[in-house]
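J.:
2 protein chains.
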Amino acid sequence: MSKLTQVNWKEVSLGEGFWGQWQHTNARATVNAIYDRFHETGRIDAMRLSWQEGMDNKPHIFWDSDVAKWMEGAAYILYYHPDEEISKKLETVIDYIEQGQDEDGYFNSYFLTCEPVNRFNDRTAHELYTAGHMMEAAVAHFYSTGSKRFLNIMTRFADFIEKAFKLEGTANYSAPGHQEIELALVRLWQATGEDRYLELSKHFIDIRGTQAHDRIFSVRNGTWPASPPLNSQLLYNDTYAQDDAPARELPAAAGHAVRAMYFYSSMADISREYGDKELYEACLRLWDDATLRKMYVTGGVSAERFGEAIGAAYMLPNQSSYAETCASIAMAFFAQRMFSIEPDARYADIIERQMYNGALAGLSLDGTGFFYDNALQSVPAHNDFLKGVHDTRNLFPNYRRERVFECSCCPPNILRFIAAIGEYVYATQEDTLYISQYVQSKANIKLASGSMQVEQTTNYPWTETVQVQVGGESVEGAALAFRMPGWCTNPTVSIDGTVVYSSNAIADGLVLKNGYLHIPVSLMTDGAVSLSFPMPVVEMEANPLVMESAGKVALMRGPVVYCLEAVDNPFNIFDMTILSQPEYSHSTHDINGVPMVMLHGNAAVRIRDDWNQTLYRPSGSRYTHVSFTAVPYFAWANREPGEMAVWLQKESNLSG
Amino acid sequence: MSKLTQVNWKEVSLGEGFWGQWQHTNARATVNAIYDRFHETGRIDAMRLSWQEGMDNKPHIFWDSDVAKWMEGAAYILYYHPDEEISKKLETVIDYIEQGQDEDGYFNSYFLTCEPVNRFNDRTAHELYTAGHMMEAAVAHFYSTGSKRFLNIMTRFADFIEKAFKLEGTANYSAPGHQEIELALVRLWQATGEDRYLELSKHFIDIRGTQAHDRIFSVRNGTWPASPPLNSQLLYNDTYAQDDAPARELPAAAGHAVRAMYFYSSMADISREYGDKELYEACLRLWDDATLRKMYVTGGVSAERFGEAIGAAYMLPNQSSYAETCASIAMAFFAQRMFSIEPDARYADIIERQMYNGALAGLSLDGTGFFYDNALQSVPAHNDFLKGVHDTRNLFPNYRRERVFECSCCPPNILRFIAAIGEYVYATQEDTLYISQYVQSKANIKLASGSMQVEQTTNYPWTETVQVQVGGESVEGAALAFRMPGWCTNPTVSIDGTVVYSSNAIADGLVLKNGYLHIPVSLMTDGAVSLSFPMPVVEMEANPLVMESAGKVALMRGPVVYCLEAVDNPFNIFDMTILSQPEYSHSTHDINGVPMVMLHGNAAVRIRDDWNQTLYRPSGSRYTHVSFTAVPYFAWANREPGEMAVWLQKESNLSG
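So the protein lines, in turn, are chains A and B. Going by the UniProt record's numbering, the first sequence runs without a break in its numbering and finishes at 656. Going by the UniProt record's numbering, the second sequence runs without a break in its numbering and finishes at 656.
1. Along the chain, where does the beta strand (DSSP E) that runs through B/Asp590 open and close?
2. Spell out a yes or no on whether the segment 30-48 of chain A and the segment 402-411 of chain A are touching, meaning 3 or more CB-CB pairs, one atom from each, closer than 8 Å.
3. Considering only their Cβ atoms, is the gap separating B/Val7 from B/Lys442 smaller than 9 Å?
4. Output yes or no for whether 9 Å exceeds the beta carbon distance between B/Gly299 and B/Gly358.
5. Can you tell me whether A/Arg400 is buried or exposed, with buried defined as 16 or more other CB within 10 angstroms of its CB?
6. Cα-Cα, which of A/Thr489, A/Gln613, A/Met338 is closest to A/Lys3?
7. Please confirm if the segment 559-569 of chain B is in contact with the segment 628-636 of chain B, defined as three or more CB-CB distances below 8 Å between the two stretches.
8. Do B/Met55 and B/Tyr96 have their C-beta atoms closer together than 9 Å?
9. At a CB distance below 7 Å, what residues from the segment 562-591 of chain A approach chain B? Give them in sequence order.
10. Using a C-beta to C-beta distance shorter than 9 Å, which residues of chain A count as neighbours of B/Glu541?
11. Determine, using beta carbons only, whether B/Val646 and A/Met547 come nearer to each other than 9 Å.
12. Using a Cβ cut-off of 8 Å, pull out every chain B residue sitting near A/Met382, in sequence order please.
13. Bridge partners of B/Thr498, per DSSP?
14. Exposed or buried, what is A/Asp64 when buried is set at 16 or more other beta-carbons lying within 10 Å of its beta-carbon?
15. Name, please, each residue of chain E whose Cβ falls closer than 8 Å to the Cβ of A/Leu292.
16. If I follow the unbroken alpha helix (DSSP H) through A/Tyr197, where does it start and stop?
17. Determine, using beta carbons only, whether B/Ala191 comes closer than 9 Å to chain A.
18. Under the assumption that B/Ser201 contacts B/Val186 (Cβ atoms under 8 Å), give the Cβ distance between them as a whole number of angstroms.
19. Please confirm if B/Glu304 has its CB atom under 9 Å from at least one CB of chain A.
20. According to DSSP, which residues form a beta bridge with A/Cys563?
21. Using a Cβ-Cβ distance under 9 Å, would B/Leu386 count as near chain A?
22. So is A/Gln429 in contact with chain B if we call contact Cβ pairs under 9 Å?
23. List, in order along the chain, the chain A residues whose C-beta lies closer than 8 Å to that of B/Gln649?
24. Classify B/Val529 as helix, strand or coil using the three-state DSSP reduction.
25. Relative to the C-alpha of A/Asn383, which residue among A/Pro59, A/Glu643, A/Tyr110 is closest?
26. Going by DSSP in three states, A/Tyr96 sits in which element: helix, strand or coil?
27. Exposed or buried, B/Thr458, counting other C-beta atoms within 10 Å across all chains shown (16 or more means buried)?
28. For A/Val538, which residues in chain B fall below 7 Å Cβ to Cβ?
29. Once the 5 residues before and after B/Gly105 are set aside, which same chain residues still bring their CB inside 7 Å of it?
30. Is there a Cβ from chain B that is less than 9 Å from the Cβ of A/Pro544?
31. For the ligand FMN, is there any heavy atom lying closer than 8 Å to the beta carbon of A/Glu91?
32. Which value, in whole angstroms, describes the spacing of the CA atoms of B/Ile207 and A/Ile329?
33. If you follow the alpha helix (DSSP H) that A/Gln581 is part of, which residue opens it and which one closes it?
34. With a threshold of 8 Å, are at least 3 pairs of Cβ atoms found where one atom belongs to the segment 571-589 of chain B and the other to the segment 531-551 of chain A?
35. Would A/His625 pass as an interface residue toward chain B - the criterion being a Cβ-Cβ separation below 9 Å?
36. Check the Cβ of B/Met267 against every Cβ in chain A and list those closer than 8 Å, keeping chain order.
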C-alpha cells in the first residue's frame with residue numbers, strides 16, 4: 001500500500017472558525033509584534049553581519065533561528081494574507097543572508113561576525129540548529145511564493161554541511177548539540193527532490209551517540225557560555241542531548257525536551273522513508289514513554305526545569321512545571337510524522353491536545369504576549385517572594401506573559417505553528433482522505449485517482465457538531481476516514497439524517513480502524529456527513545503514580561483543558577474542593593474580545609474567619625459552598641494576574 | 001516581681017526515660033562520631049594553625065564554629081558521663097586555642113592560617129560567629145568543670161572584640177554577617193558577671209541595620225566565595241541577614257533562618273535585661289510571624305531552600321522543604337528567652353515541638369547520621385533522577401542521613417542541644433517552680449526562700465501520665481506551675497487520687513495562667529501530683545492558606561508528629577486517603593533497638609491494575625481499603641530508603 005501523504009497547508013484555507021480567527025491574529029498582530037521585538041533587540045540587523053566590538057546587541061549563536069522561524073511564519077502568512085510591509089521585511093532579510101553567505105555556503109550571523117575562526121568547532125554552538133531553521137524557512141518561502149531564491153541559498157549551505165560533516169569531515173564534531181538540521185533536511189529533500197539531503201539527515205541520525213569525541217560538554221574548553229546558566233552542569237549529561245545511546249537504542253524519552261522531540265521527529269521521518277523497522281520501534285518506544293508517563297494533561301512534556309528536560313516517569317510537578325511551548329509544538333511534529341507512518345487517532349489526539357492546550361497557551365489572546373515555560377499551577381505571591389531571594393526563572397514559570405525573551409525560540413515557533421495549522425487537518429492514502437482535525441475550512445485534495453474538494457462547517461471546539469461536504473469529480477472507491485476523538489465516549493455520525501455510527505452500532509460498509517471511521521463516499525448522500533461529538537464537562541484524573549495530582553481532577557470539555565483563575569473566583573482556589581456530584585453548566589463569554597466557552601460548577605471551601613491566629617489545629621473545619629468558573633487553560637493570564645490551578649481537589653468517594 | 005530564672009542543665013539529671021536514653025546515645029555514639037568526622041576532615045588539626053599552602057584540608061572560615069559546638073556538647077556530656085578520652089580530646093583542643101590565640105586575643109583558625117591580613121575585614125566571613133560559639137563552649141566548659149581556663153581565653157577575645165568593634169572601631173564593619181556573638185556575649189556575661197559583655201551584645205543589636213557601609217554584599221569585592229553557591233545572589237539581599245531595618249523595626253520574620261532565630265534570641269535577651277519595651281514588641285511581632293505563618297507542623301522554620309531562608313507567609317512546600325535542623329534548635333533558643341520574659345505555655349509548646357520533631361529529626365536513632373535540611377515529603381526516585389541532571393541539594397532534602405557535611409553546623413548543634421536538654425525543663429520565679437517539659441528526671445531547685453528537690457516519673461511522650469514529687473525543706477508559699485500542653489484538650493491533674501483540675505473544673509487555690517496550672521505545694525499531699533494528658537491520635541489540619549496541605553492531615557499523638565514510610569506501607573502512600581472515620585490504634589515497636597509508639601489506621605488507595613497504559617482518563621477509579629502504619633517523624637530514614645509523607649490525603653466531608 002502506498003505511503004500516506006500529508007495535505008500541504010497551502011491546500012487548506014481556513015474560514016472564520018476558531019483557527020481562522022487565530023490566523024487573523026497571527027497575521028495582524030503576532031507577526032509584527034515578533035518582528036518589532038527582534039528588530040529592537042538587534043536580531044534583524046545582526047543578519048547584515050555589520051556588528052562590531054563595542055556596539056550594542058552583540059549577536060548570539062542562536063539568533064538566526066529566531067529570525068528564521070519568524071521568516072517561516074511570515075512566509076505561510078503571506079500566502080493567505082498578502083502584506084506589502086511584511087513581504088518587504090522578509091525579502092530584505094533574505095537579501096542580508098544572500099549577501100552575507102560565505103562563498104562556501106556557510107551562514108551564521110554570530111560566527112561570521114564574532115568568531116569566524118570557530119565555525120563548526122563546537123557542537124553546542126547551535127550552528128546546525130540555526131541552519132535547519134533557515135532551511136525550513138526557505139522551504140516555506142518556496143511553497144508560499146514559488147521563488148527559489150531563498151531555497152537556493154539554503155541548498156548551497158546544505159551542500160557545504162554535507163561536505164563538512166559527511167564527505168570531508170572537516171567539522172570538529174559529528175552530530176550537533178541541538179537537533180533540528182535532521183528534520184529540516186527532510187523538508188529540504190521534499191521541496192527539492194534532492195536525495196542527498198535525505199541521506200545527510202539519515203547520516204546525522206546514524207552517527208549520533210556513537211562518537212566518543214562527540215560529547216556535548218566539549219563546551220569550548222569552558223569559555224562558553226560566558227556566564228554559565230544555572231543548569232550548565234546539564235551540559236555534562238549525555239542524556240541531555242540524547243547522546244547516551246545511538247538513536248535506535250535510546251531507552252527512554254529523556255533530556256532537553258525540544259532537542260528530544262525534534263530528534264524523534266526526524267527519526268520517524270527517516271524510519272518512514274527508509275522503511276527502517278529498528279528505528280521505527282525506537283520511535284514507538286519513545287512515543288509511548290513520552291505520552292504515557294511524562295506528559296502533562298495539557299500536553300506539556302518538559303517537567304524538569306533544570307535542563308528544560310523531560311521529567312522522570314510520572315514526575316509532573318504543577319507549580320514548578322516547565323512545559324515549554326516549543327516542546328509542545330515539537331511533540332506535534334513528532335505525532336504528525338508517526339501518523340504518516342501508520343495512521344492512528346492516538347497521534348492526531350496528541351496534536352489536538354497541543355493545538356488547544358499546551359502549544360496555544362504560549363500565546364496571549366491579542367497575539368503579542370508569550371509564555372516560554374507554562375505553569376500548571378501559579379501563585380504570584382510565591383514568584384514575587386522568591387524574586388527577592390532568587391532568580392525565579394529557575395523555580396516557577398512566569399505568571400505574566402512577556403513580549404520577548406532573551407532566548408526567544410517560543411514566540412516565532414507558535415507563530416509558524418499557527419500559520420501552518422492547516423497541515424494537521426488532512427492526509428491522503430491512495431483514494432482515502434483522512435480527516436484528523438475538525439477545523440472550519442475548505443481544501444483541495446489530490447487523491448490517487450483524482451481530486452476532490454472538502455469543506456468543514458463547524459464551531460469546534462466550542463460546539464459538538466461538524467458538517468463535512470465533499471465535492472468535485474467523483475472518484476471510484478474514494479473514502480473519508482474521520483477521526484473519532486479519544487476524548488469523546490459517544491460520537492454519532494449521520495448521513496442524510498440517519499445515524500450510521502454510534503457507540504453501539506455501525507452501518508454496513510463502514511469500518512472503524514485505529515480510531516478512524518472509514519466511510520465510502522459512495523454511501524454519502526450528496527457527499528454530506530454530519531458528525532456529533534457530545535461535549536459534557538469531564539473530570540479527568542491522572543494515573544495514581546502522578547503524586548502531584550492525587551485526589552484532584554482536571555476539567556475538560558471536548559479537547560479543551562480548563563483552569564481556575566482567581567479573577568473569576570473570589571475565594572481560595574487551592575483550598576476549593578469540587579463536590580462529588582456537581583452541577584456543571586457552560587456559557588460563552590469574551591476575554592479581550594475573544595469569545596470562548598467557560599464552565600461553571602459547585603464546590604466547597606473551608607470557612608476562614610476562625611483561622612486568623614492559628615496555623616495548625618485538629619481537623620474538622622466547616623465548609624461553605626461556592627460556585628466556580630473555569631476558563632480554557634490557553635486563555636489564562638490575559639487579565640489581572642492572580643492564582644491559577646489546572647488540578648482541582650475533588651470530594652473523595654472511597655467506596656467508588 | 002523578680003525576673004524568671006532558668007534552672008541550669010547541671011541541676012537536672014535525667015533518668016532512664018526518653019531523653020535519658022537520647023543522652024546515653026549522645027554520650028556513647030554522637031560525641032565520638034562527630035569528633036571522628038571533624039578529625040578526618042581536618043577541622044580539629046586546623047585549630048593547631050599548622051596548615052600551610054599545598055596541604056590537604058584547607059581550613060574554612062566557619063570550621064571553628066563546628067569544633068566549638070562539639071566542645072560545648074562534650075562539656076555538657078562530661079558532667080554526667082565522665083570519659084577520659086573525650087575529656088582529653090576537649091582539653092587538647094583548648095590547648096590549641098590557648099597556644100594559637102593572638103596576643104591581642106583574636107582567634108580564628110582560618111584567618112590566622114590563611115589570611116592574617118584580612119582579620120575583621122569582611123562581615124560575611126563568620127569571625128564573630130565562630131567567636132560566639134567558642135564563647136558558648138567556654139561557658140559550658142566552665143559550668144561543667146569549674147575551670148576558668150577556656151573561659152579566660154574567650155574573655156580575652158571578647159575584650160579584643162569590644163575594642164575592635166565598639167571602643168576603637170578598627171574593624172572594617174559594624175555588625176557581623178552571621179549573628180551568634182550577640183547571644184554568646186549574654187551567656188559570657190551570665191558566667192562572668194562582667195557587664196561590658198552584656199553591653200557589647202546590646203551594641204551589636206543596636207547598630208545592626210543602621211550602617212550604610214554594612215552591607216552583606218561587601219563580599220570581599222566578590223573574591224569570596226571562590227565559586228558562588230547557587231544562592232549567592234542572596235548575599236545581595238539585605239533581608240537575608242536581617243539588615244533591612246534596625247532590630248526594633250524589623251517588620252517580619254525573614255531571611256536566613258538560623259541567623260534570624262539567633263538574632264531574635266539575643267534581641268529577647270537584651271529586651272529582658274534592659275527592660276527594652278520596643279525591642280520586646282519587635283520580638284513578639286517576629287515570634288508571631290514565625291510561629292503563626294511560617295512554621296512547618298514539625299517546627300521547621302526555613303521553608304525556602306535558596307538562602308536557607310524563612311519562607312513567605314503560608315508558603316510551606318513539603319517535598320522541597322528546607323527546615324534546617326539548626327533553625328529548629330535556634331527557634332527553641334528564641335522560645336526559651338521569650339518564656340523567661342513572660343512565662344507562657346505557647347513558648348514551651350514550641351520548644352516541645354522542636355524537641356520531639358523538628359530538631360530531633362536531624363539525628364539518626366543510632367546517633368551517628370544526620371540531616372541538615374529535613375523533608376516533609378520525600379520521593380527518592382525524584383532525588384535520584386535529578387542527580388543526573390542537577391545538584392539535587394538545591395531542590396530536595398536528602399533522603400539518606402549523612403555522617404558529616406561540608407557545612408557541618410547541624411551535627412554538633414543537635415549534640416549540644418540534646419546534651420543540655422535539661423535546661424528546658426524548669427524555671428523559677430521567686431518561690432514558684434515552672435515545670436515546662438515532662439521528662440523523667442530529678443532536679444535540685446533553688447527558690448527565693450529556700451530549695452527543693454523535684455522528681456518526675458514518666459514515660460512521656462509515649463505514655464499519658466506524669467508523676468511529680470517534690471521534697472526538701474518546706475518553703476512557705478512555694479508553688480508549682482505545670483504546663484498544660486497546647487496539644488492536649490482534656491488534661492486532668494490529681495492530688496492523692498482526687499482530681500483538682502480538668503477541662504471543666506478547677507479546685508480552690510489553683511490558678512490557670514498563660515497555660516500553666518499553679519498549685520501551692522501546701523495543697524499537695526506529701527508533695528505529690530499526678531498529671532494525665534490523654535493522647536488520642538489527632539488529625540491536624542493546616543490553615544487553609546497553606547496550599548500544599550489543603551485536603552490533607554498530619555497525624556499527631558501527644559507532642560509527636562508522625563509520618564508514613566514506604567517500608568511499613570506496601571502501597572502508594574501519596575495516593576492513599578485516610579477514611580473519614582478511621583479506627584486508630586497504636587502499638588510499641590523498636591526501630592534499630594529504639595522503642596517507640598507507632599500508629600495504625602485505615603485508608604483507601606486507587607486500584608492500579610487497569611492504569612498501566614493510561615496517563616489521564618475520566619475520573620471514577622475504584623478504591624481498595626488498606627491499613628497503614630505511621631512512625632514518629634523523628635524516626636524516619638533509619639531503615640531502607642523509600643517514600644515518606646507527613647501530610648496525608650483525608651476523605652473529604654464537605655458538609656462538615
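A virtual CB, placed ideally from N, CA and C, is assigned to each residue, including glycine. This structure is a prediction, so every number in the text was calculated from the model and none was measured.
T.: Reading from the atomic positions:
1. 585-591
2. yes
3. no
4. yes
5. exposed
6. A/Met338
7. yes
8. no
9. Asn572, Phe574, Asp575, Thr577, Leu579
10. Arg606, Tyr616, Arg617, Pro618, Ser619, Gly620, Ser621
11. no
12. Checking the displayed sequence, the identity of residue 382 of chain A turns out to be His instead of Met. In chain order: Ala312, Met315.
13. B/Ile495
14. buried
15. Among the protein chains of the structure shown, namely A and B, there is no chain E.
16. 195-207
17. no
18. 5 Å
19. yes
20. A/Val631
21. yes
22. no
23. Ala550, Gly551, Ser652
24. strand
25. A/Glu643
26. helix
27. buried
28. Pro618
29. Arg156, Phe157, Asp159, Phe160
30. yes
31. Ligands are entirely absent from the displayed structure, and the ligand FMN is therefore not among its contents.
32. 57 Å
33. Run containing A/Gln581: none; DSSP gives neither H nor E here.
34. yes
35. yes
36. The contacting residues do not exist; B/Met267 stays about 22 Å from chain A at best.
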